[in-house]
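Engineer:
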Amino acid sequence: MALEFNVLNTTEAGGRRGRIHLPHRTVETPVFMPVGTLGTVKAVAQDVLENLGAEIILGNTYHLYLRPGHEAIRRMGGLHRFISWPRAMLTDSGGFQVFSLSALRKVTDEGVRFRSHLDGSSHFFTPEHSMDVQIALGADICMAFDECTEYPADRKRAEESLRLTLAWAQRSLDHFQAHRHEVPWHEELGGKTQSLFGIVQGGMYRDLRRESVERLVEMDFDGYAIGGLSVGEPRDLTLEMIAEVLPLLPADKPRYVMGVGYPDEIEMYARMGVDMMDCVLPTRAARHGLLFTSEGRLNIKGKKYAEDQGPPDPACECMVCQRYSRAYLRHLMHSGEALSATLNSIHNLAYYLGIMEHVRKSLHSDGGDS
Ligand SMILES: [Zn+2]
3 MALEFNVLNT
13 TEAGGRRGRI
23 HLPHRTVETP
33 VFMPVGTLGT
43 VKAVAQDVLE
53 NLGAEIILGN
63 TYHLYLRPGH
73 EAIRRMGGLH
83 RFISWPRAML
93 TDSGGFQVFS
103 LSALRKVTDE
113 GVRFRSHLDG
123 SSHFFTPEHS
133 MDVQIALGAD
143 ICMAFDECTE
153 YPADRKRAEE
163 SLRLTLAWAQ
173 RSLDHFQAHR
183 HEVPWHEELG
193 GKTQSLFGIV
203 QGGMYRDLRR
213 ESVERLVEMD
223 FDGYAIGGLS
233 VGEPRDLTLE
243 MIAEVLPLLP
253 ADKPRYVMGV
263 GYPDEIEMYA
273 RMGVDMMDCV
283 LPTRAARHGL
293 LFTSEGRLNI
303 KGKKYAEDQG
313 PPDPACECMV
323 CQRYSRAYLR
333 HLMHSGEALS
343 ATLNSIHNLA
353 YYLGIMEHVR
363 KSLHSDGGDS
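Residue numbers for the sequence shown follow my numbering, so the first one is 3 and each next one is one higher.
#1: What first and last residue would you give for the beta strand (DSSP E) that runs through residue 225?
#2: Is residue 10 helix, strand or coil by DSSP?
#3: Sorted by chain position, which residues of the same chain lie with C-beta nearer than 6 Å to residue 322's C-beta, five sequence neighbours on each side aside?
#4: I believe residue 136 touches residue 93 by the beta-carbon criterion, under 8 Å. Please report the beta-carbon distance rounded to the nearest angstrom.
#5: Rounded to whole angstroms, what is the Cα-Cα separation between residue 149 and residue 165?
#6: Once the 5 residues before and after residue 177 are set aside, which same chain residues still bring their CB inside 8 Å of it?
#7: Taking just the CA atoms, how far does residue 273 sit from residue 20?
#8: Please state the DSSP three-state secondary structure of residue 371.
#9: Extract the residue ranges of the alpha helix (DSSP H) inside the stretch 262-333, only unbroken runs of 4 or more that lie entirely within it.
#10: Distance check for residue 30 and residue 63, CA to CA, integer angstroms please.
#11: Apart from the five residues just before and just after residue 341, which ones in its own chain have a Cβ nearer than 8 Å to its Cβ?
#12: Let me make sure I understand the geometry here. Which of 153, 147, 302 and 127 has the alpha-carbon closest to that of residue 207?
#13: Any heavy atom of ligand 1 closer than 8 Å to the beta-carbon of residue 353?
#14: Which of the three DSSP states is assigned to residue 200 in this structure?
#15: In whole angstroms, what separates the C-alpha of residue 355 from that of residue 33?
#16: Quick one: what does DSSP say residue 186 is sitting in, helix, strand or coil?
#17: Report the three-state DSSP secondary structure of residue 442 (helix, strand or coil).
#18: Is the stretch 197-207 touching the stretch 170-188, taking contact as three or more C-beta pairs under 8 Å?
#19: Do residue 280 and residue 261 have their C-beta atoms within less than 9 Å of each other?
#20: To which residues of the same chain is residue 361 closer than 7 Å at the C-beta, ignoring the five residues directly before and after it?
#21: Quick one, which of 295, 203 and 142 has its alpha-carbon nearest residue 2's?
#22: Determine the contact status of residue 140 and residue 187, defining contact as a CB-CB distance below 9 Å.
#23: Run through DSSP, which three-state label would residue 107 get?
#24: Locate the alpha helix (DSSP H) running through residue 129, then write down its first and last residues.
#25: Residue range of the alpha helix (DSSP H) that residue 97 falls in?
#26: Whose C-alpha, out of 353, 77, 203 and 210, is nearest the C-alpha of residue 185?
#27: Kindly indicate which residue of 263, 211, 37 and 161 has the alpha-carbon position closest to the one of residue 234.
#28: Hey, could you find the ends of the alpha helix (DSSP H) residue 21 is sitting in?
#29: Could you tell me the distance, in whole angstroms, from the CA atom of residue 86 to the CA atom of residue 72?
#30: Taking just the CA atoms, how far does residue 353 sit from residue 297?
#31: When the Cα atoms are used, what is the spatial distance from residue 210 to residue 220?
#32: Please tell me whether, using a cut-off of 8 Å, the distance from the CB of residue 349 to the nearest non-hydrogen atom of ligand 1 is below it.
#33: On a CA-only basis, which of 216, 46, 119 and 277 is nearest residue 365? Give me that one, please.
#34: On the CB-based measure, 16 or more other CB atoms within 10 Å of its CB, does residue 254 come out buried or exposed?
#35: For residue 66, tell me which candidate among 216, 53, 56 and 82 has the shortest Cα-Cα distance.
#36: Can you give me the C-alpha to C-alpha distance between residue 246 and residue 326, rounded to a whole angstrom?
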């Protein structure tokens, strides 16, 4: 069963207004996906996420595999039921965390051996194993197991890494197709299944990126992600790679840029034709007291907010801005209160989700046929 994706409108600049029909939710695109690393978007409860209008959230395969373990989650009916999230979910392949978090990793053609960042125990991840874990977790969208090429990487290294990622993409796809019916909610949802996205790599080399797209499109995934960005490269290079890859991807499949970005970036990429994005930034920055607002970035720790009774963002309609003052948010932060992370995160997520809502409206009215 192929993934159903409708493009409702396309603008001259390439931006698309669309709709992805997933087993747990029909998602309006372009969409921003809050990151719920360990089965929680840090400091924000699921009912609040629903009220904020989040339609799809991420889970991290590496983290959930280590704790509480994918078999435990499978026995409890899958990640949706375990964390009580009725809407759509996406899991990453575990590759990015294996490469960035774990110690003593050793990569071979077969897979990656690594040590847990929690207790040093030894684990071996292959494309097949990543698929098994993601099928047990049961997110609506799974990602092919890839190697995230570091930055900077010389040409030989980027070529080698791409070769590995392409071989792993085919193995991921083969294993996924043979086992996708084993997802915990397969029967409950009338035979619906998960989807699998391929990940474009190739470092910062345009021709390698093109080769990566060509080969992945031949394999025929349900959607395509652009990976290996936001790994320390300058922003203009990120943009250059996205601009190179986007027009080459099939117009009738969702396009996902992983791990970006700042508010101005997600808006720009969405207007270029990116359908899906995720980033830890709104919640991570919130825990450090950084708020994204219509007036720019605001560091709530600042002394000048000590008695500021205005809302965090005067233009924001979120539940935090409607109720609390800058002075109170500053006080919570300074006192190390748990509510600080919660309120700051809710506002930042509302801001990010609001940007996408605004972009969706303007893409709908901007030229093209609808
Ligand atoms: Zn707000």
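For glycine and all other residues, C-beta sits at the position ideal for the given N, C-alpha and C.
Structural biologist: Quick answer:
#1: 225-228
#2: strand
#3: 345, 348 and 349
#4: 5 Å
#5: 10 Å
#6: 129, 130, 133 and 134
#7: 12 Å
#8: Low confidence applies to residue 371: its pLDDT is 47, below 50, so where it sits in the model is not reliable, and the reading given next is rough at best. In this structure, residue 371 counts as coil in the three-state DSSP scheme.
#9: 265-274 and 283-289
#10: 24 Å
#11: 334
#12: 153
#13: yes
#14: strand
#15: 8 Å
#16: coil
#17: Residue 442 falls outside the range modelled here, since the chain spans only 3 to 372, and no answer is possible.
#18: yes
#19: yes
#20: 32, 269, 272 and 273
#21: Missing from the structure shown is residue 2; the chain here goes from 3 to 372 and no further.
#22: yes
#23: strand
#24: 129-139
#25: 97-102
#26: 77
#27: 263
#28: Not the alpha helix (DSSP H): residue 21 falls in the beta strand (DSSP E), residues 18-24.
#29: 16 Å
#30: 12 Å
#31: 16 Å
#32: yes
#33: 277
#34: exposed
#35: 82
#36: 44 Å
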